[in-house]
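Heads up: the sequence lines are chains S and U, in that order.
For what it's worth, our numbering labels the leading residue of the first sequence as 7, then goes sequentially.
For what it's worth, our numbering labels the leading residue of the second sequence as 7, then goes sequentially.
Just so it is clear, CB atoms sit at the ideal spot from N, CA and C, and this is done for glycine as well.
Given the structure is predicted, the values throughout are model-derived calculations rather than measurements.
Read through the structure below, which is laid out as structure tokens, and then see the notes.
Protein chains: 2
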Amino acid sequence: MNFQQLRAVREAIRRGYNLTEVAKVLHTSQPAISRQIRELEEELGVELFVRAGKRLTGLTEVGTVVVPLVENMLLDADNLRRAGEEYAGRDSGRLSIATTHSQARYALPDAVRDFRQRYPQVVLNLHQIPPHQVAEMLLSGEADVGIATEALASYEGLVTLPCYRWTHCVVVPQGHALLDGAPLTLARLAEHPIITYGSGYTGRLHIDDAFAAAGIAIDLVLTAMDADVIKTYVELGLGIVASIAYDPSRDRGLAALDAGHLFAVNLTRLAVRRGAFLRSYVFDFIETFAPPLKRDVVAQALASEPGTQPAEG
Amino acid sequence: MNFQQLRAVREAIRRGYNLTEVAKVLHTSQPAISRQIRELEEELGVELFVRAGKRLTGLTEVGTVVVPLVENMLLDADNLRRAGEEYAGRDSGRLSIATTHSQARYALPDAVRDFRQRYPQVVLNLHQIPPHQVAEMLLSGEADVGIATEALASYEGLVTLPCYRWTHCVVVPQGHALLDGAPLTLARLAEHPIITYGSGYTGRLHIDDAFAAAGIAIDLVLTAMDADVIKTYVELGLGIVASIAYDPSRDRGLAALDAGHLFAVNLTRLAVRRGAFLRSYVFDFIETFAPPLKRDVVAQALASEPGTQPAEG
DNA sequence: TATCCTTACGGAATTCGTAAGCATG
DNA sequence: CATGCTTACGAATTCCGTAAGGATA
Numbered sequence: 007m008n009f010q011q012l013r014a015v016r017e018a019i020r021r022g023y024n025l026t027e028v029a030k031v032l033h034t035s036q037p038a039i040s041r042q043i044r045e046l047e048e049e050l051g052v053e054l055f056v057r058a059g060k061r062l063t064g065l066t067e068v069g070t071v072v073v074p075l076v077e078n079m080l081l082d083a084d085n086l087r088r089a090g091e092e093y094a095g096r097d098s099g100r101l102s103i104a105t106t107h108s109q110a111r112y113a114l115p116d117a118v119r120d121f122r123q124r125y126p127q128v129v130l131n132l133h134q135i136p137p138h139q140v141a142e143m144l145l146s147g148e149a150d151v152g153i154a155t156e157a158l159a160s161y162e163g164l165v166t167l168p169c170y171r172w173t174h175c176v177v178v179p180q181g182h183a184l185l186d187g188a189p190l191t192l193a194r195l196a197e198h199p200i201i202t203y204g205s206g207y208t209g210r211l212h213i214d215d216a217f218a219a220a221g222i223a224i225d226l227v228l229t230a231m232d233a234d235v236i237k238t239y240v241e242l243g244l245g246i247v248a249s250i251a252y253d254p255s256r257d258r259g260l261a262a263l264d265a266g267h268l269f270a271v272n273l274t275r276l277a278v279r280r281g282a283f284l285r286s287y288v289f290d291f292i293e294t295f296a297p298p299l300k301r302d303v304v305a306q307a308l309a310s311e312p313g314t315q316p317a318e319g
Numbered sequence: 007m008n009f010q011q012l013r014a015v016r017e018a019i020r021r022g023y024n025l026t027e028v029a030k031v032l033h034t035s036q037p038a039i040s041r042q043i044r045e046l047e048e049e050l051g052v053e054l055f056v057r058a059g060k061r062l063t064g065l066t067e068v069g070t071v072v073v074p075l076v077e078n079m080l081l082d083a084d085n086l087r088r089a090g091e092e093y094a095g096r097d098s099g100r101l102s103i104a105t106t107h108s109q110a111r112y113a114l115p116d117a118v119r120d121f122r123q124r125y126p127q128v129v130l131n132l133h134q135i136p137p138h139q140v141a142e143m144l145l146s147g148e149a150d151v152g153i154a155t156e157a158l159a160s161y162e163g164l165v166t167l168p169c170y171r172w173t174h175c176v177v178v179p180q181g182h183a184l185l186d187g188a189p190l191t192l193a194r195l196a197e198h199p200i201i202t203y204g205s206g207y208t209g210r211l212h213i214d215d216a217f218a219a220a221g222i223a224i225d226l227v228l229t230a231m232d233a234d235v236i237k238t239y240v241e242l243g244l245g246i247v248a249s250i251a252y253d254p255s256r257d258r259g260l261a262a263l264d265a266g267h268l269f270a271v272n273l274t275r276l277a278v279r280r281g282a283f284l285r286s287y288v289f290d291f292i293e294t295f296a297p298p299l300k301r302d303v304v305a306q307a308l309a310s311e312p313g314t315q316p317a318e319g
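Shown next as structure tokens:
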């Protein structure tokens, strides 16, 4: 048993059982991958993959049992290497952040700029993905830090920490009827066509909940994954976006109305894989992004057992 | 990085940093071990071991950080192999039990006999060790199952399950003054020299507690680690042993008096390493030994997170 | 001086990549 | 017939064990 074999198995699953593709990713020849998988199977005495003729098509029962172990070992190997780099005092390294458009576009730029300045040698990798994929990237080790508002809690394998709270606001074109100074209500919003986030994105759930609780039906004309798109189409009606997405100087043609009293407060969370070894620059980045998350706070959460951390902060 | 290197590191720590010894244990030459350790250190860019001249003397700070990762990987590798054996339907394998004298001598024989009959191909390894070492052997992977009355709870890395409850009894030579039929009390016991288990063994704590709570001082003339020794010396006074240790047909010269009402009930526990892959014959053995511990009960406990299991059962 | 680790070197074993073969959709 | 896995084989690499060297208690 060796790590190369384990990597081949892991990558075979990730790449949909296409060994040719696996070979490319692992920078080796395809027969080598075939051999590695076959030899591991021989050593274990069991087939891990289902074969249709000569083609791999899926995992066997044993395969599904065994895969978590394989991934554990490879993640630990990564941790080991990272611990080495850390103590060797190497200033180079990787910081891979998985996050949503909202965060990447509005919340992260300052922290990223500071980080780049302080750690120029660290390769910074910003993965902009849908919220529900953030957890997966963390669990697979492809990302070191995940930041999202949705779909981060309730993973045993993740440690989740509260970053900051925010509310939605309503953006309308200049001269819109809602700018008459009268108080903003759900009923008044519902009089207009609404443009906001797709479901699962950026607090969309809280928006639906508020209207549903009030028993008000809305005319949803367009949903999008990010505030920039939403703002582009605001002339079609009114837009509901995260407050941080409105910038008076940039969005000159638009006006914003605070809607913090209409929709539930959102909590953006940061997550890391439980038990991961984090380079000290990762701790620094986290603190830059969310100052209350000091190194010892994160370290303690990281070492904690599942269930011990608070759901909210 | 490869597993041979990791094994060398683990064994170096276990063998007190004597690489010559490590080489013997791992069936290779001593220079090979030297190289493996050095190459791993080079790859990580950090020294894991403290060197006094050419001799290894301990772990560096990095070393202590890194060792848990190394052990994780090696334990997972064991799990992987075992999962393979299991699904390959091999009837051979290993069952390594770490337990105390009391259990090995009185509680386990029946279960062991049945097991041997049912799984003749499985090499059964019975480690008789002091209670406080049972947990260590489980955590290191040297033992698969631990059985003891003391010092098994409160390990995060172990899953502990209640097996059975038992009480102490008093053994005296035939014709002893205590055999007058009058009720047995702590005060009456204290009139005689007492022989019982050493501290930390077989419910000794409950014996001390009972006398201490009653404010009675006792004359402890001899302590031993096992009931056989205690019984041998009973003529020097009276012995307090586990009830299961008294066998009327074998211990003809002795009489036993139930002392269940004098000392707290003891709970013997069985433990396995959390997350370990257990062969099905291991589940069978556990159920044979403690019938309430059926396969699904154990499997569920095994997969549980720390803190979720009851302290007592 | 005995023990223990390192270095050096030749040989064994493993592992790799290329090329050819074969099955599947 | 294009894609994808396996087999075969020579080459390169890695890894090991023996033998010799040096440091420490």
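On a CA-only basis, which of the options is nearest residue i? Give me that one, please.
i: Pro115 (chain U); options: U:Thr294, U:Pro312, U:Glu311, U:Val303; result: U:Thr294
i: Val165 (chain S); options: S:Gln11, S:Leu184, S:Pro312, S:Arg13; result: S:Pro312
i: Ala149 (chain S); options: S:Ile103, S:Ala14, S:Arg111, S:His267; result: S:Ile103
i: Met231 (chain S); options: S:Asn131, S:Arg256, S:Gly204; result: S:Gly204
i: Pro168 (chain U); options: U:Ile292, U:Ala309, U:Ala58, U:Ala29; result: U:Ile292
i: Leu62 (chain U); options: U:Ala196, U:Arg44, U:Leu284, U:Gly152; result: U:Arg44
i: Thr105 (chain S); options: S:Gly147, S:His138, S:Glu49; result: S:His138
i: Glu48 (chain U); options: S:Tyr93, S:Val28, S:Gln123, S:Leu80; result: S:Tyr93
i: Asn78 (chain U); options: U:Cys175, U:Ser310, U:Leu145; result: U:Leu145
i: Ala110 (chain U); options: U:Phe121, U:Ile135, U:Arg20, U:Tyr125; result: U:Ile135
i: Val151 (chain S); options: S:Ala261, S:Pro297, S:Arg96, S:Leu130; result: S:Leu130
i: Phe9 (chain S); options: S:Arg21, S:Thr26, S:Ile39; result: S:Ile39
i: Ala159 (chain U); options: U:Ala277, U:Leu308, U:Arg16, U:Tyr23; result: U:Ala277
i: His267 (chain S); options: S:Val176, S:Arg13, S:Gly147; result: S:Val176
i: Ala183 (chain U); options: U:Ala83, U:Gly221, U:Leu260, U:Ala113; result: U:Leu260
Could you name the residues of chain U that residue i contacts, counting a contact when the two beta carbons are closer than 9 Å?
i: Glu311 (chain S); result: Glu162, Glu311, Pro312, Gly313
i: Tyr125 (chain S); result: Within chain U, no residue comes near Tyr125 (chain S); the closest Cβ sits about 18 Å away, beyond 9 Å.
Put residue i into one of helix, strand or coil per three-state DSSP.
i: Ala282 (chain S); result: coil
i: Leu244 (chain U); result: strand
i: Val118 (chain U); result: helix
i: Ser102 (chain S); result: strand
i: Ala317 (chain U); result: Low per-residue confidence applies at Ala317 (chain U): pLDDT is 48, beneath 50, and the placement is therefore not dependable, though the value from the model is reported in the following sentence. Here Ala317 (chain U) sits in coil by DSSP.
i: Gly69 (chain U); result: helix
i: Arg61 (chain U); result: strand
i: Tyr203 (chain S); result: strand
i: Gly209 (chain S); result: coil
i: Arg275 (chain S); result: strand
i: Gly90 (chain S); result: helix
i: Val56 (chain S); result: strand
i: Gln180 (chain U); result: coil
i: Asp84 (chain U); result: helix
Would you mind sorting residue i into buried or exposed? The rule is 16 or more other CB atoms within 10 Å of its CB.
i: Gly187 (chain S); result: exposed
i: Thr70 (chain U); result: exposed
i: Leu185 (chain U); result: exposed
i: Arg256 (chain U); result: exposed
i: Ser108 (chain U); result: buried
i: Ala317 (chain U); result: Residue placement at Ala317 (chain U) cannot be trusted, given a pLDDT of 48 that sits under 50; what the coordinates show is reported in the next sentence. The residue is exposed, with fewer than 16 neighbouring Cβ atoms inside 10 Å.
i: Ala193 (chain U); result: exposed
i: His174 (chain U); result: buried
i: Gln11 (chain U); result: buried
i: Thr202 (chain S); result: buried
i: Glu162 (chain U); result: exposed
Output, in chain order, the set of chain S residues within a Cβ distance shorter than 9 Å of residue i.
i: Val68 (chain U); result: Ala89, Gly90, Glu92, Tyr93, Ala94
Would you mind telling me which residues of chain S sit closer than 7 Å to residue i, beta carbon to beta carbon, in chain order?
i: Val52 (chain U); result: Gly90, Tyr93, Ala94
i: Val71 (chain U); result: Ala89
i: Leu167 (chain U); result: In chain order: nothing, as chain S lies at least about 19 Å away.
I'd like to check one pair, residue j with residue i: are the Cβ atoms closer than 7 Å?
i: Pro179 (chain U); j: Val235 (chain U); result: no
i: His212 (chain U); j: Phe269 (chain U); result: yes
i: Leu190 (chain S); j: Leu263 (chain S); result: yes
i: Leu86 (chain S); j: Leu75 (chain U); result: yes
i: Gly99 (chain U); j: Arg285 (chain U); result: yes
i: Gly321 (chain U); j: Gly90 (chain S); result: Because chain U is modelled from 7 through 319, residue 321 (chain U) falls outside the range shown and cannot be assessed.
Could you check whether the Cβ of residue i sits closer than 6 Å to any heavy atom belonging to the ligand COA?
i: Pro136 (chain S); result: Here there are no bound small molecules, and the ligand COA is not part of this structure.
Closer than 8 Å by beta-carbon distance: list the chain U residues that pair up with residue i, in chain order.
i: Asn8 (chain S); result: Asn8, Phe9
i: Leu62 (chain S); result: The premise fails here: Leu62 (chain S) is roughly 18 Å from chain U at the closest Cβ pair, so nothing lies under 8 Å.
Name, please, each residue of chain U whose Cβ falls closer than 7 Å to the Cβ of residue i.
i: Ala83 (chain S); result: Met7, Met79
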